[in-house]
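Residues in the sequence shown are numbered consecutively from -17, following this note's numbering.
Positions of the beta carbon are idealized from the N, C-alpha and C atoms, including for glycine.
Computed from a predicted structure; not experimentally measured.
Below is one structure, written out as C-alpha coordinates; the observations come after it.
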Amino acid sequence: MEKYPSLPIQVYSIWFSMLPWDSPLAFPSAQKTMSDPRVTHFWDKEKIAGRWFKENVTPDYEGKVIWDVYYLYGPDAEWRNTPQPLLIWGRTIMDKQQELSQEISRLAGEKIENRSARLRSRYCNGFVSKRELELILLPAFERSLLQGIYLPQPSAPGPWDECC
(Lines of atoms letter the chains of each structure in order from A and count residues from 1; the text may use other names and numbers.)
(Lines give C-alpha, C1' and ligand atoms only; values in the text may rest on other atoms or scores of the structure.)
Protein backbone atom coordinates (compact mmCIF):
# COMPACT_ATOMS: atom_id res chain seq x y z
CA MET A 1 0.00 0.00 0.00
CA GLU A 2 2.93 2.30 0.65
CA LYS A 3 3.97 1.77 -2.98
CA TYR A 4 0.63 3.15 -4.24
CA PRO A 5 -0.44 5.98 -1.92
CA SER A 6 -3.07 7.34 -4.33
CA LEU A 7 -4.53 4.01 -5.45
CA PRO A 8 -8.23 3.97 -4.55
CA ILE A 9 -8.28 0.72 -2.63
CA GLN A 10 -10.26 -0.35 0.42
CA VAL A 11 -8.89 -2.93 2.83
CA TYR A 12 -10.95 -4.60 5.52
CA SER A 13 -8.74 -6.32 8.07
CA ILE A 14 -10.74 -8.69 10.24
CA TRP A 15 -9.02 -9.99 13.35
CA PHE A 16 -10.09 -12.84 15.60
CA SER A 17 -8.54 -15.26 18.05
CA MET A 18 -6.94 -18.34 16.46
CA LEU A 19 -3.64 -18.51 18.35
CA PRO A 20 -3.07 -18.19 22.10
CA TRP A 21 -1.65 -14.67 21.77
CA ASP A 22 -4.54 -13.39 19.61
CA SER A 23 -6.82 -11.39 21.84
CA PRO A 24 -8.78 -8.15 22.00
CA LEU A 25 -5.98 -6.83 24.23
CA ALA A 26 -3.44 -7.39 21.42
CA PHE A 27 -5.78 -5.88 18.81
CA PRO A 28 -4.61 -2.23 19.14
CA SER A 29 -0.97 -3.13 18.52
CA ALA A 30 -1.89 -5.58 15.74
CA GLN A 31 -3.61 -2.74 13.89
CA LYS A 32 -0.25 -0.97 13.62
CA THR A 33 0.91 -3.63 11.14
CA MET A 34 -1.42 -1.97 8.61
CA SER A 35 -1.77 1.64 9.62
CA ASP A 36 -2.74 3.02 6.21
CA PRO A 37 -5.93 5.15 6.37
CA ARG A 38 -7.47 3.00 3.61
CA VAL A 39 -7.50 0.04 6.02
CA THR A 40 -10.47 -0.49 8.33
CA HIS A 41 -9.88 -2.93 11.18
CA PHE A 42 -12.51 -5.09 12.86
CA TRP A 43 -12.37 -7.46 15.82
CA ASP A 44 -14.60 -10.49 15.15
CA LYS A 45 -14.99 -12.23 18.50
CA GLU A 46 -17.28 -14.94 17.09
CA LYS A 47 -15.17 -15.57 13.93
CA ILE A 48 -18.24 -14.92 11.80
CA ALA A 49 -16.20 -13.64 8.84
CA GLY A 50 -13.81 -16.59 8.93
CA ARG A 51 -16.69 -19.06 8.86
CA TRP A 52 -18.61 -17.15 6.18
CA PHE A 53 -15.64 -16.85 3.81
CA LYS A 54 -14.76 -20.51 4.35
CA GLU A 55 -18.31 -21.62 3.50
CA ASN A 56 -19.04 -19.17 0.68
CA VAL A 57 -15.76 -18.25 -1.00
CA THR A 58 -13.18 -20.95 -0.24
CA PRO A 59 -15.25 -24.08 0.54
CA ASP A 60 -12.32 -26.39 -0.30
CA TYR A 61 -10.43 -25.15 2.75
CA GLU A 62 -10.42 -28.02 5.25
CA GLY A 63 -10.78 -26.09 8.51
CA LYS A 64 -14.02 -24.81 10.01
CA VAL A 65 -12.75 -21.22 10.03
CA ILE A 66 -10.44 -19.77 7.40
CA TRP A 67 -7.89 -17.34 8.80
CA ASP A 68 -4.63 -15.61 7.89
CA VAL A 69 -6.03 -15.20 4.39
CA TYR A 70 -6.59 -12.42 1.90
CA TYR A 71 -9.19 -12.02 -0.84
CA LEU A 72 -8.64 -9.45 -3.58
CA TYR A 73 -11.51 -8.12 -5.63
CA GLY A 74 -11.24 -5.64 -8.48
CA PRO A 75 -13.09 -2.37 -8.98
CA ASP A 76 -15.89 -4.17 -10.86
CA ALA A 77 -16.68 -6.55 -8.00
CA GLU A 78 -20.30 -6.75 -6.94
CA TRP A 79 -21.20 -7.70 -3.40
CA ARG A 80 -24.42 -9.69 -3.64
CA ASN A 81 -24.81 -13.16 -2.10
CA THR A 82 -21.07 -13.65 -2.49
CA PRO A 83 -18.58 -11.09 -3.76
CA GLN A 84 -17.79 -11.61 -7.46
CA PRO A 85 -15.45 -11.82 -9.25
CA LEU A 86 -12.62 -12.87 -6.98
CA LEU A 87 -9.29 -11.95 -8.60
CA ILE A 88 -6.96 -13.80 -6.27
CA TRP A 89 -6.85 -15.20 -2.77
CA GLY A 90 -4.06 -16.62 -0.70
CA ARG A 91 -3.16 -18.20 2.57
CA THR A 92 -1.07 -17.50 4.60
CA ILE A 93 -0.76 -13.81 4.01
CA MET A 94 2.99 -13.66 4.61
CA ASP A 95 3.63 -16.70 2.40
CA LYS A 96 1.55 -15.24 -0.45
CA GLN A 97 2.61 -11.61 -0.01
CA GLN A 98 4.50 -11.51 -3.33
CA GLU A 99 1.50 -12.77 -5.35
CA LEU A 100 -0.76 -10.22 -3.66
CA SER A 101 1.71 -7.42 -4.33
CA GLN A 102 1.99 -8.40 -8.01
CA GLU A 103 -1.78 -8.41 -8.45
CA ILE A 104 -2.11 -5.00 -6.78
CA SER A 105 0.64 -3.70 -9.09
CA ARG A 106 -1.30 -5.06 -12.07
CA LEU A 107 -4.47 -3.32 -10.87
CA ALA A 108 -2.56 -0.08 -10.34
CA GLY A 109 -1.13 -0.37 -13.87
CA GLU A 110 -4.60 -0.84 -15.35
CA LYS A 111 -5.78 2.26 -13.52
CA ILE A 112 -2.86 4.25 -14.93
CA GLU A 113 -3.48 2.97 -18.47
CA ASN A 114 -7.19 3.83 -18.25
CA ARG A 115 -6.41 7.33 -16.95
CA SER A 116 -3.81 7.83 -19.67
CA ALA A 117 -6.25 6.71 -22.36
CA ARG A 118 -8.83 9.24 -21.13
CA LEU A 119 -6.21 12.02 -21.07
CA ARG A 120 -5.02 11.09 -24.55
CA SER A 121 -8.59 11.17 -25.85
CA ARG A 122 -9.16 14.60 -24.30
CA TYR A 123 -5.88 15.86 -25.83
CA CYS A 124 -6.68 14.45 -29.29
CA ASN A 125 -10.16 15.99 -29.22
CA GLY A 126 -8.80 19.42 -28.34
CA PHE A 127 -10.05 19.55 -24.75
CA VAL A 128 -6.55 19.63 -23.24
CA SER A 129 -3.51 21.35 -24.72
CA LYS A 130 -0.10 19.72 -24.81
CA ARG A 131 1.13 22.27 -22.25
CA GLU A 132 -1.80 21.55 -19.93
CA LEU A 133 -1.03 17.88 -20.27
CA GLU A 134 2.56 18.47 -19.20
CA LEU A 135 1.36 20.46 -16.18
CA ILE A 136 -1.05 17.85 -14.88
CA LEU A 137 0.24 16.71 -11.55
CA LEU A 138 0.50 12.97 -11.25
CA PRO A 139 1.56 11.01 -8.21
CA ALA A 140 5.24 10.09 -8.37
CA PHE A 141 4.64 6.42 -9.13
CA GLU A 142 2.35 7.28 -12.05
CA ARG A 143 4.83 9.80 -13.44
CA SER A 144 7.63 7.22 -13.36
CA LEU A 145 5.47 4.64 -15.12
CA LEU A 146 4.14 7.05 -17.71
CA GLN A 147 7.32 8.99 -18.48
CA GLY A 148 8.19 8.44 -22.11
CA ILE A 149 5.28 6.08 -22.66
CA TYR A 150 2.14 8.20 -22.47
CA LEU A 151 3.33 11.70 -21.64
CA PRO A 152 5.22 13.60 -24.33
CA GLN A 153 8.85 14.48 -23.80
CA PRO A 154 9.29 18.26 -24.12
CA SER A 155 11.99 18.01 -26.79
CA ALA A 156 10.61 15.15 -28.86
CA PRO A 157 7.27 14.17 -30.33
CA GLY A 158 5.46 11.61 -28.24
CA PRO A 159 2.58 9.21 -28.66
CA TRP A 160 0.17 12.10 -28.03
CA ASP A 161 1.17 13.59 -31.38
CA GLU A 162 0.20 10.44 -33.27
CA CYS A 163 -3.54 11.01 -32.93
CA CYS A 164 -3.80 14.53 -34.28
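Based on the DSSP output, what are the partners of SER(-5) in its beta bridges?
Looking at the DSSP assignment, SER(-5) forms a beta bridge with HIS23.
Need the endpoints of the alpha helix (DSSP H) that TRP34 sits in, please.
Counting along the chain, the alpha helix (DSSP H) containing TRP34 begins and ends at 30 to 38.
Alpha helix (DSSP H) segment containing ALA12, residue limits
Looking at the DSSP string, the run of the alpha helix (DSSP H) that includes ALA12 is 9 to 13.
Three or more C-beta pairs under 8 Å: does that hold for the segment 60 to 75 against the segment 32 to 51?
The segment 60 to 75 is in contact with the segment 32 to 51.
Given TYR55 as reference, the closest of ILE(-9), GLU37 and GLY91 once Cα atoms are compared
The shortest Cα separation from TYR55 among ILE(-9), GLU37 and GLY91 belongs to ILE(-9).
Where MET16 and THR22 are concerned, what is the direct C-alpha to C-alpha distance, given to the nearest angstrom?
Cα-Cα distance, rounded: 9 Å.
Could you have a look at GLU85 and say whether DSSP puts it in helix, strand or coil?
It is helical.
Spatial neighbours of ASP26 in its chain, beta-carbon cut-off 8 Å, leaving aside the 5 residues before and after
Taking ASP26 as the centre and dropping the five residues before and after it, the same chain places the C-beta of ILE(-4), TRP(-3), PHE(-2) and GLY32 closer than 8 Å to its C-beta, in chain order.
Out of MET0, ASP4, GLU28 and THR40, which has the shortest C-alpha to C-alpha gap to LEU68?
Of MET0, ASP4, GLU28 and THR40, the residue nearest in Cα terms is THR40.
For TRP61, which beta-bridge partners are listed by DSSP?
The partner list for TRP61 (beta bridge, DSSP) reads PRO65.
7 Å Cβ shell around GLU81 - same chain, five flanking residues per side excluded:
The beta carbon of GLU81 lies closer than 7 Å to those of ILE70 and GLY72 in the same chain, with the five residues before and after it left out.
Apart from the five residues on each side of it in sequence, which residues of its chain come closer than 8 Å, Cβ to Cβ, to LYS153?
The structure shown has nothing for residue 153, since the chain only spans -17 to 146.
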